[in-house]
Each structure stands twice: as structure tokens, then as C-alpha cells.
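What follows is a set of notes on a single structure, which appears directly below.
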Amino acid sequence: MKKIKLFSRYDLLVLIAISAIATILLLPNVFGNNDSLTATITVDGKVVETVELNRISGVREMSLQCTPAVKVRMETGKICVIDADCEDKLCVNCGWLDSDGAMAVCLPAKVVVSVDGTKADSKVPDVITY
Amino acid sequence: MVKAKKKAICVAAIILCAAIVIGLVSYDFIKSSNTVESTFLAMGTVITTSISGKDADAASEAVEEALLGLENACLSRRVEDSDVWRINQNSGNDVSVSRETAAWVGQALDISADSDGAFDITVGKLTQLWNIGSGEETVPKKAEVKKLLETVDYKKVAISNTSVKIDSEQAIDLGAVGKGIACDALRDILAQFDVKEAVVSVGGSVLIYNQKASVGIVDPNNSQSHLATVEIDNQCISTSGDYERFFEANGKTYHHILDPETGYPVVTDLRSVTVICDSGLDCDALSTACFVMGYRASLDLLQKYDAEAVFVFDNNSVSVTDGIKDDFKLTSSNYTVE
Amino acid sequence: MNKKLLTQNIALVGILSAQAIALSYLESLIPVIPGFPPGAKPGLSNIVTMFSAGTLGIWQTLYITLAKAVFAGVTRGLTAFLTSLTGGLLSTAVALLLLRSKNNKLGYVGIGIICAVCHNIGQLCVACVLSGTPELFTSYGPFLLLAAGATGFLTGTILKYIMPALEKQKKFIIKSN
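Residue numbers (my numbering), protein chains in the order written: chain B, 1 to 130; chain W, 131 to 468; chain Y, 469 to 645.
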């Protein structure tokens, strides 16, 4: 076996390289907002739209292709059903959905708007009974 | 030099083999920790499922199919030829139904008897009259309520293993326990698959299958938040409350839980009752019964069914039965625990 | 390899495996090092595998790696077995390549660090796959990388200084003429 030194100058390169890689990998953790909050809109069981709510700037409105008509509004970090052409308006009454597991449903139009987030908050229960 | 090359190839081959073996083992692992989540509408309500295990995909599909079948074949009051529809159409006669339906009706009647009629499936005619949740409700005339109230009597229902007979004036409504029945049926479906664990919510009646889960109890004043959490281990949990379905007329609020004694929405100091026990049907029936009976009278009934409960009162106080004191955690500062 | 030499090799592999296992056990007694991510250990048993990779051969080294993984599996379960095996194989392979290569320019410290990094990468991959959370890679990875830099420095240095002792042990068992 060849004689191996304790520390060669190439070792220094190795040290510098892993420090650099670690720093680069750490950057997005420090600067990026990695809270994700995804809204999923389904009509009659089919997903028509998934939106990353935290990436929305300003206001976005959307009319869904369904009867009765349903209209949703999205702002940074939240979504709500603003208008529905039905009797009970249950989904409109749900108000803003802004946390993991929040949901608004319009039964007549078969529309489900649900929000899923990374469960950084361990206090969020797995399911709600109502 | 050639020797060194050979060795390098040898090492590369070993790494490749190891990678393949580890890949295969890991694949098996991923499969068994595979979680399928889905949200869909069935039985007139929202179903959310989260199923983990090797067969999660197949089980998830089976669950969806089973719920549609359950509604159409057994529980629906409106779907023609469902068991409940035929029982109501042929009132006064023996109607042969599936074994399951007969068993569910029997189980519901047991709770009717134990709650002295506070929970009663023969309120069918009354719920039709009020029709709360349809969007076109009006307060019915007193005389009408009084007339239909006479049809309410669970003692007039006769069942055998495969048949159900109700009085000719009666109609039954399994709406109050339908979601719980679905939870029980889904537990059997899940058992047929290689499923490690699952959380299923059928419109707020929840089945926790083979796992522990933290279940939030909805805040009656705000449907988007919860007032407390309970740790549940392999049981069912469901809630009855005045906030679920209601309408307003002449400045008064009428909620959907009718008192079989009066024919009108229950007058109570409760906002909601959440019940935890092994059977979904029992959870649904007991939560309705407790809501009707009130806090004090409920405790004996709950004990009889080995069930635990959380009572939320209209003065924003909360009462919890002794068996779940340690698993209960208040999360909203708007409420206090008694 | 004649029969006698094979027997001697097997005996040495057994002893080295026992030493590697003893070192991993010792390490498991050390509480979480402040400032280090949980799960990051000095990796002292890498000293043994690196020695074996450099002075013995491929199969001897793989046996030691396997013995370590089996020990982890028996004492801490299947997940531990998989993480230990993946990390072990990856770092062993790299150690074999570097220590046996003719034009290696790295010193013990550099080799120690690269082995530790590979070990941690292997473990992290298994953790990501088993828990189904690839986010671990970006959230936990950088810290494990830095930890590997420190632990690799340590194991490489120790290896350099106990090399004579390990050589002596080898000569004591394998009596090659």
C-alpha cells in the first residue's frame, strides 16, 4: 500500500467543497418562505385547479364551470368562495380558507375547495368532527 | 494495472447489486407506507379519506364505491328501491331487506329503547315536514306537527333477521345515523385490504382505523376552526349540533335536531355533543340522543354503551366525561372547561 | 488464497467486526452532541472499515460493513439496518476506491471526510425514502454534510495514529511469510 499522508493540500479542497455545498443548500432555508399552502378546487370529483396560495400576489378571481355557478377569490395565503348561485350559500358562509385542512363545499354544484399545507404546526388535528 | 481495473469493476458491480437490493426492499417499504388521500361527495355530504398501506389505492376506490352502493341500496329515503325507501313505501307490511339493514335498524332501536325515545328513527314524517336543509323551509302549522307526532314511536317497529315492518302511518329516517353506519361499513371494507391505517370522515362522522389520531371538535360558532382536540385510538367519533343545518324565520332559529317528544327542534342549553365509541352508528345515535336528553340525563346512557363524550354548552363552557379527560385538549380561548 | 490464509483472514474479519460493533455501541452511549443535528454520530466504526479497505481486501471490508448493519438491525430494528447498510456500503465503496487507488492524492483527513459524507448521504437517502419526505434532503442535508466534515476529520486523524496498532494486530493473526 502506498504511503498516505495525514493531511494533503487536496484535503483542504475537500473541506472547502463540502462547506460550500452545505452553504448553498442552506441558502433557500434562510431566505425562502417554505411554508406551502395549496388550494385544490374540484368540480364533480375532477380537479380543475390547484393553486399555491402563498405565491399569489394581489387578487385573483375565478368562475367555475358548473351549475349552479360558483365564484372563488384568491389572495396571498387564502381563498374563499365569494358567490354561489344556490339556496343555502353554505360555501360562501365558510369565509376565508387559510389553514391546512380548511374546506368549503357546495353540494348542489358538486364543488369542493380544500386547502392543504405543510403541517409545520403540530397542533393541527388530523381530522375534524362536526 | 489490469488487476486494478478488475478490482474497480468488481467494486462497481457490488455497489450496483447493493443498490438494487436496497431499492427493492425500500420499494416494499414505500408501498406499505403509501398514503392515498381523497375527497369526494357521496351520501349528500363530503367524504375525506386518508388510507395508508400496500393496498391503499384499491381500498380507496372500494371505499368510494361502497358508499355509493350503501346509499342507493340501503339508506336513502329518496332513491327508489333502497331498503329504507321500500320500508316506507310498504308501511304496515313486512319488508324483506338486507341482513345489514335489518341489523342497523335493530341497533338503532336498541338506543331508542335505552334513551327512552330521545333518539327515534320513526321521526321520518316529521323530518319530511320540516325539511330542514332543503333551502325552502317554513315553520309548519302546530296542528300538522301534532298530527305527525303521533306516528313517532319506535316501539311500533318490528324486525327480524331479514325483514323490517313499520306501522302503516310511520316513516323511518336513518339520516341521523347514516354517516355512522357508513363508518362501520367502511371499517369492514378496509379490513378486506392490506391497509395499515386510515382516517375516514363521512360528513363529520369520523372513523379512526388502526391508528391514533388527533381529532378536532368544530367550534359551533365558527365552522372553519375547532375548539378542542381529542386523541382517538382506533374508534369512531361523531358530533351532533345545532349549527349543522338550520333556518331562520320570524327572528327565530330552527335547527335540524327534532325532539321526538314535541316535534319541534330541541330546546336545550347545549350547542353540540361529541360522542366517542367503537361503533359509528352508536356514536351518531348517542350524540343525537344526548343532545335531546341534555347533559345530566345523558351520562348513564353513555356509560351503558361504554362511550365517552364532550358537551359544548351555549354559555361557551365545555364538559368532558372522565374516560377521556387525559386525551382532551382545549384549543380555543373562547371556551372554558367545567 | 490458501486455506490457512483464508482461515486467518476470517478470524481477523471477526475481530475487526467485533471492534467496529463495539465502537458503534460506544457511540450510541454518547448523548446528542450540542450543535450537531440529532443522529449525527462521530462514526468511529468507520475507522475500522477504512483500515480494512486500505490493508485487507474487498470482501473482508464488505463483511465488516454487513456485520455492523446486522448489529444495528438486531438492536434497533429494520430501519436502522437499512440506513446502516446503505450508508456503510456507500462509504465502504468510496474508501475502497480511494485507499486502493494508485494515484490517490488525498490524505487520511480527506478520505475520512469523503467517507463520512458518503455514509451520511446514504443514510439520508434511506430516511427520505422510508419516511416519504424528500424535503429532509434540503432541510437536514446541509447540517449532516457539515457534521460529516467534522467527524471525518476526527476519524481520519485517529486512523492515522492507530494505524501501527491495527497493523500489529493484523500481523499477529495473519502470519504471511
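Each residue gets a CB set at the ideal place from its N, CA and C atoms; glycine is no exception.
For residue i, the first and last residue of its enclosing alpha helix (DSSP H)
i	result
W:R375	Element bounds for W:R375: n/a, residue is neither H nor E.
Y:S552	546-568
Y:G476	Just to set this straight, residue 476 of chain Y is Gln in the shown sequence, not Gly. Element bounds for Y:Q476: 471-497.
W:L239	229-244
Y:I515	513-523
W:G199	186-200
W:L429	425-434
W:V275	272-279
W:K295	No alpha helix (DSSP H) holds W:K295; the beta strand (DSSP E) holding it covers 293-295.
Environment of residue i [buried if 16+ CB atoms lie within 10 Å]
i	result
B:N33	With a pLDDT of 49 at B:N33, under the threshold of 50, the modelled position of this residue cannot be trusted; read the value that follows with caution. It is exposed - the Cβ of B:N33 has fewer than 16 other Cβ atoms within 10 Å.
W:Q322	exposed
W:Q433	exposed
W:Y465	buried
W:E191	exposed
Y:N470	exposed
W:G410	buried
B:G45	exposed
W:E274	exposed
W:S402	buried
Y:A479	exposed
B:V115	buried
B:P125	buried
Boundaries of the beta strand (DSSP E) in which residue i is found, first to last residue
i	result
W:V397	W:V397 -> no beta strand (DSSP E), and no H or E assigned at all.
W:K382	382-385
W:I177	175-182
W:E327	327-332
W:I338	335-339
W:Q354	352-363
B:R73	70-75
W:D318	It is not in any beta strand (DSSP E) - W:D318 instead sits in the alpha helix (DSSP H) that spans 305-321.
B:T42	37-43
W:D213	First-last for W:D213: 213-219, but that is the alpha helix (DSSP H), not the beta strand (DSSP E).
W:L460	458-460
B:T129	127-129
Other residues of its chain near residue i: CB distance less than 6 Å, five sequence neighbours each side excluded
i	result
B:K78	W96, D98
Y:A616	A584, V585, N588
W:D412	Y435
W:D399	F443, D444
B:V48	I41
W:R216	V225
B:A120	In this prediction, B:A120 has a pLDDT of 49, which is less than 50 and means its spatial position is unreliable; what the coordinates show is noted afterwards. Correct list: empty, nothing qualifies.
W:H385	D372, F376, P395
B:M71	Reading the sequence as shown, one finds Lys at residue 71 of chain B and not Met. Closer than 6 Å at Cβ, skipping near neighbours: S63, I82, D83.
W:G254	A301, I302, D303
W:E201	M173
W:A328	I181, L320, Y339
Y:A535	S485
Same chain, Cβ closer than 7 Å to residue i, neighbours up to 5 away in sequence not counted
i	result
W:M131	Note on W:M131: pLDDT 49, under 50, position unreliable in the model; no value is reported.
W:D244	L431, K434
W:A288	K295
Chain-order list of residues whose beta-carbon lies under 8 Å from that of residue i (same chain, five-residue window excluded)
i	result
Y:I515	L491, T623, I626, L627, I630
Y:F519	L484, L627, M631, L634
B:S19	none
W:I347	H356, L357, A358, T359, V360, T369, S402, T404, V440, V442
B:S36	E52, N54, G117, T118
W:G453	E438
Residue i: CB within 8 Å of a non-hydrogen atom of the ligand FAD
i	result
W:V450	As for the ligand FAD, it is missing from this structure, which has no ligand bound.
Paired residues, beta bridge with residue i - DSSP
i	result
B:R133	The structure shown does not extend to residue 133 of chain B, since chain B is modelled only from 1 through 130, so no value can be given for it.
W:S344	W:E361
B:I79	B:M74, B:L97
B:V115	B:A39
B:M103	B:S114
B:L46	For the sequence presented, residue 46 of chain B should be read as Lys rather than Leu. Partner(s): B:V43.
W:L171	W:V176
W:T451	Answer by DSSP bridge pairing: none, since W:T451 is not bridged.
W:I367	W:V336, W:I406
Q.
For the region 84-114 of chain B, list every residue whose C-beta sits within 9 Å of some C-beta in chain Y, in sequence order.
A. Look at the region 84-114 of chain B: it has no residue with a C-beta under 9 Å from a C-beta of chain Y.
Q. Of the residues that make up the region 40-62 of chain B, which ones have a beta carbon closer than 9 Å to any beta carbon in chain W?
A. So the close ones are T40, T42, D44, G45.
Q. When Cβ atoms are compared, which residues of the region 167-188 of chain W fall closer than 8 Å to chain B?
A. With the criterion set as a beta carbon lying under 8 Å from some beta carbon of chain B, the members of the region 167-188 of chain W are T169, F170, L171, G174, T175, V176, T178, S180, in sequence order.
Q | Chain-ordered residues of the region 336-362 of chain W with a beta carbon less than 7 Å from chain B | A | For the region 336-362 of chain W, the set of residues with a beta-carbon nearer than 7 Å to any beta-carbon of chain B comprises V336, A343, S344, V345, G346, I347, V348, S353, Q354, H356, T359, in chain order.
Q | Interface residues of the region 303-324 of chain W facing chain B [CB-CB below 8 Å] | A | Sequence-ordered contacts of the region 303-324 of chain W with chain B are nonexistent [C-beta pairs closer than 8 Å].
Q) When you check each C-beta in the region 246-267 of chain W against every C-beta of chain B, which residues fall closer than 9 Å? A) Residues of the region 246-267 of chain W with a C-beta atom less than 9 Å from some C-beta of chain B are G263, S264, G265, E266, listed in chain order.
Q: Closer than 8 Å, Cβ to Cβ, to anything on chain B: give me those residues from the region 623-645 of chain Y, in chain order.
A: For the region 623-645 of chain Y, which is checked against every Cβ of chain B, the residues closer than 8 Å are G624, T625, K628.
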